[in-house]
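Just so you know, we're using my numbering here: the sequence shown kicks off at 26 and counts up by one.
Yeah, the Cβ is synthetic: ideal placement off N, Cα and C, and Gly gets one too.
Below is one structure, written out as structure tokens; the observations come after it.
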Amino acid sequence: MKLPLIVGNWKMNLSAKEATELACKIREFANKNSYAKVVLAPSFTLLQGVGQVLAGSGVGLASQNFFCQEKGAYTGEVSAGMIKETGCEYVIVGHSERRQLFGETDELVNKKALCAIQNNITAIICVGETAEQRTAGKTFEVIEQQVRKALVGVENQDLEKIVIAYEPIWAIGTGENATVDQANEVHCLIRKIVAEKNSGNKNGSLSILYGGSVTPDNCKELLRDPEINGALVGGASLKINSFCDIIRSADNK
Ligand code: 13P
């Protein structure tokens, strides 16, 4: 049985000092128990320092983004090799903030996922619908398209290096999380699509995380659902107490 995966996406927050202090505290907490596999995703400039804090501990390091070229004239971008050097074993790909604010397309998300796999980095691929799409009854259609396009060219054996995070856009940073039923039905859909596409995943071993206003108050119920294999946490991962409470709540999985 795989441990639930709890990922803290710090987004564009924290100074170097704040980041290393928080990482130290999380490392201490996570090393004392095994409720979940914990991963931290600081911003690019914090990766090195946080990577040093986490080195040799059970807590993993993720980049929030990268660019899918090995090297060259790509001003402002960071390669898979560069993030790996800081200790990253994970990378978040296609977060809705990258799609909406920085124009990332399904095609680019796919290229990044394939590049991460090639570099032996686990891609945490984010998908999710807007409030308008949900209201219009298009949630399943949108998720299916995002998942199918993200996984073009991903072979059965590559699925070990893929995690999918369902993050409804209307739930991100709003305090309005998806209900367990809403998350469950989308997670089931994602699992079905991946099983159809990659028959090697028939055993359903793919990890599917839920993200969007996850807090100590709602995480227990969400994580209890067998289809929800962990959480991608934004705001609540920036405070030691709330993040540790969320990690602890994975205990009853
Ligand atoms: P919040 O937990 O702040 O809603 O953010 C979710 C998220 O976008 C994680 O990637």
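- Sequence-distant Cβ neighbours of LYS136 in its own chain, meaning closer than 7 Å and more than five residues away, are CYS93.
- Contact check between the region 211-219 and the region 250-263: three or more CB pairs, one atom from each, fall below 8 Å, which counts as touching.
- Apart from sequence neighbours up to five positions away, the residues of its chain that approach LYS96 with a beta-carbon distance below 8 Å are SER104, GLY106, ordered along the chain.
- By the C-beta density criterion, TYR99 is exposed, having fewer than 16 other C-beta atoms within 10 angstroms.
- Per DSSP, the beta bridge partners of CYS151 are ALA190.
- Per DSSP, the continuous alpha helix (DSSP H) segment holding LYS174 begins and ends at 164-175.
- Just measuring C-alpha positions, the residue of LEU79, HIS120, VAL188 sitting nearest ARG216 is VAL188.
- Of the candidates GLU180, LEU86, ASN144, LEU86 places its Cα closest to the Cα of CYS49.
- In this structure the region 156-167 does not lie against the region 115-127, because fewer than three pairs of beta carbons, one per stretch, are closer than 8 Å.
- By the Cβ-count criterion, GLY81 is exposed, with fewer than 16 other Cβ atoms from all chains shown falling within 10 Å of its own Cβ.
- Looking only at GLN182, LYS186, PHE91, LYS222, the smallest Cα-Cα distance to GLU102 is reached by PHE91.
- Across the set LYS163, ILE272, ILE218, TYR235, the C-alpha of TYR235 shows the shortest separation from the C-alpha of ASP206.
- A straight-line Cα-Cα distance of about 5 Å links ALA61 and LEU28.
- Annotation: LEU79 to LEU231 spans about 25 Å, alpha carbon to alpha carbon.
- Here the alpha carbons of ALA156 and ILE142 stand approximately 31 Å from one another.
- Beta-bridge partners assigned by DSSP to ASN34: ALA66.
- With a cutoff of 7 Å, ASN243 does not count as near the ligand 13P, since its C-beta is closer than that to no heavy atom of the ligand.
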